[in-house]
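*Asks:*
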Amino acid sequence: MRPTVEVWRDWILKAHGKEFGSDSQCSGKPMEDFKQMYKLGLPADPKEVAAIEARRNREKERQSRFFNVRNRVMGVDVEALNNQVEEKKLREATEQSKDAAYATKQVQYDLVAQMLEKEEAERARRLAKKIQDFRKQKQQLKNRREFDPWDPDRLQREFPVYFNDSDPFYGPASMQCFFGEDLDRTTYLRMQQEQFRYSLERQLQEQQQARVDEKCADMLNDQLHLAMDMRAAHLARLEESCRVAMTFAMANANKAQAAELAERQRLEHQRQQEANLMEIQNQVTSDFLTENPQVAQNSMAPHRVLPYCWKGMTPEQRAAIREVQEAQCHEKEAQHQAEQALDTEWESQTMHLAQAAQELEEQERELCAEFRRGLGSFNQQLAKEQKAQQNYLNSIIYTNQPTAQYHLQFNTSSR
């Protein structure tokens with residue numbers, strides 16, 4: 365927490381050996397000198413005044429939260445949460461610095477790789493150019509041993525303009541040359557030897573040039589490796605210096621943070637001690653430790669009390685509560701007796717209803733038995749009448765059997 369303007373003013377005045385009170389007490393010549401020294405008579409900046417007022421309001425709000433017993437005991441630890449937020453920000457800043465250093469190293473490595481690729485491409489270009497120059501100078505077509513089959517003037521030489529006696533184009537009929545005769549054998553042998561010597565010299569020159577080129581390539585390769593090693597050593601030194609600088613910067617930052625944390629802890633301990641002393645003084649001088657019942661009354665709601673200041677009920681309140689409890693007990697007893705009387709009445713009515721239902725069931729059973737007896741006698745009478753009717757029909761009416769003539773006569777009359 366940053367100190368307020370009043371704290372800074374008191375500290376400056378104490379440092380100069382002058383103790384002033386409010387603004388009315390500081391209106392003398394020492395205060396004028398003080399204002400002139402620190403340029404306090406200048407018109408204040410509205411933004412700075414607004415910022416100072418905002419800080420003062422935040423300080424008042426913080427003091428109200430800190431000096432509130434309930435919030436201090438039961439609330440959250442705002443300082444611990446702020447420390448966690450600061451630690452998180454520091455960790456994020458450290459990670460960002462590490463990422464930036466890694467990105468810087470990656471850029472350096474990419475630049476070195478591009479330089480090496482350019483050097484390799486330039487070396488390959490120079491080598492290809494040297495090979496082309498060597499081919500143009502030393503490996504011409506006319507100097508090759510295979511040049512005779514590719515000679516464009518071969519046909520002209522086969523048919524020369526002038527002929528002599530030893531010309532091989534004269535046939536046997538000319539009597540100038542014969543099969544098996546070789547007049548220019550010595551010349552041919554000498555020419556073959558010269559050609560062989562020339563080819564051998566050419567091969568020796570090519571081998572020597574190949575050795576020279578190989579040595580030159582090895583030397584260039586060694587120079588390239590040496591340059592790469594020197595570049596890697598230079599990059600390693602740069603990386604080591606960067607790492608040392610980062611370590612030194614991080615150590616300085618850690619020392620500054622440790623000093624800031626120690627100072628903050630000291631200030632916090634000092635504020636805690638001041639708050640504890642103020643709380644002890646408030647407890648000693650206030651009504652909190654007294655037995656005054658007026659302390660627990662709530663100014664906003666007189667029928668309520670403050671829980672953290674309540675000292676218990678008075679004897680009059682306890683007596684009133686006991687009277688109310690006794691009245692409630694009497695009412696409960698009377699209600700219980702009324703309920704018992706009502707239950708007794710309901711039980712008697714239930715017994716009378718059960719007796720009446722039982723008598724009705726007996727009467728119903730008697731009526732059913734009498735009905736069954738009457739129904740049985742009626743069924744017997746009906747059975748007797750039906751049996752007599754059947755006997756009458758069987759013995760008197762249905763005694764004669766019809767013949768075929770009766771059926772024939774009945775069919776004729778029906779037509």
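When you number the sequence shown by the numbering used here, it's gap-free, plus one each residue, and the end is 779.
Backbone N, C-alpha and C fix where the C-beta goes; we use that ideal spot for every residue, glycine too.
Run through DSSP, which three-state label would Gln661 get?
*Replies:* The answer is strand: DSSP assigns Gln661 an E or B state.
*Asks:* Keeping to the same chain, check which residues put their C-beta closer than 7 Å to that of Leu670; ignore five residues upstream and five downstream.
*Replies:* Ala660, Asn662
*Asks:* Looking at Leu599 and Val471, is the spacing between their C-beta atoms short of 8 Å?
*Replies:* no
*Asks:* Round the Cβ separation of Glu603 and Lys469 to the nearest angstrom and send it over; I've been treating them as touching at under 8 Å.
*Replies:* Between Glu603 and Lys469 the beta-carbon gap is near 7 Å, inside 8 Å, which marks them as a contact.
*Asks:* Hey, how far is the Cα of Ile495 from the Cα of Ala581?
*Replies:* 12 Å
*Asks:* Just to confirm the assignment, what range does the alpha helix (DSSP H) spanning Asn656 have?
*Replies:* Here Asn656 belongs to no alpha helix (DSSP H), and DSSP marks it neither H nor E.
*Asks:* To the nearest angstrom, how far is the alpha carbon of Glu570 from that of Gln503?
*Replies:* 9 Å
*Asks:* State the beta-bridge partners of Val669 as determined by DSSP.
*Replies:* Its beta-bridge partners are Gln661.
*Asks:* List the endpoints of the continuous alpha helix (DSSP H) containing Phe735.
*Replies:* 679-759
*Asks:* If we ignore side chains and look at the alpha-carbon of each, how far apart do Gln556 and Leu568 end up?
*Replies:* 18 Å
*Asks:* Identify the continuous alpha helix (DSSP H) that holds Tyr562 and give its terminal residues.
*Replies:* 549-649
*Asks:* Is the segment 663-683 in contact with the segment 639-649, if contact means three or more CB pairs nearer than 8 Å?
*Replies:* no
*Asks:* What are the start and end residues of each continuous alpha helix (DSSP H) run of 4 or more residues lying completely inside the segment 426-489, in chain order?
*Replies:* 433-438
*Asks:* How long is the line joining the alpha carbons of Ala444 and Pro657, rounded to whole angstroms?
*Replies:* 38 Å
*Asks:* Flag this pair as touching only if the segment 575-590 and the segment 417-432 have three or more C-beta atom pairs under 8 Å; answer yes or no.
*Replies:* no
*Asks:* Alpha carbon to alpha carbon, what distance is there between Lys751 and Ile760?
*Replies:* 14 Å
*Asks:* Apart from the five residues just before and just after Met677, which ones in its own chain have a Cβ nearer than 8 Å to its Cβ?
*Replies:* Ile685
*Asks:* In angstroms with no decimal places, state the Cα-to-Cα distance between Asp409 and Glu417.
*Replies:* 12 Å
*Asks:* For a quick check, are the C-beta atoms of Ala465 and Met610 less than 8 Å apart?
*Replies:* yes
*Asks:* Would you tell me roughly how many angstroms separate the C-alpha atoms of Gln448 and Lys424, rounded to the nearest one?
*Replies:* Straight-line Cα distance between these residues: approximately 24 Å.
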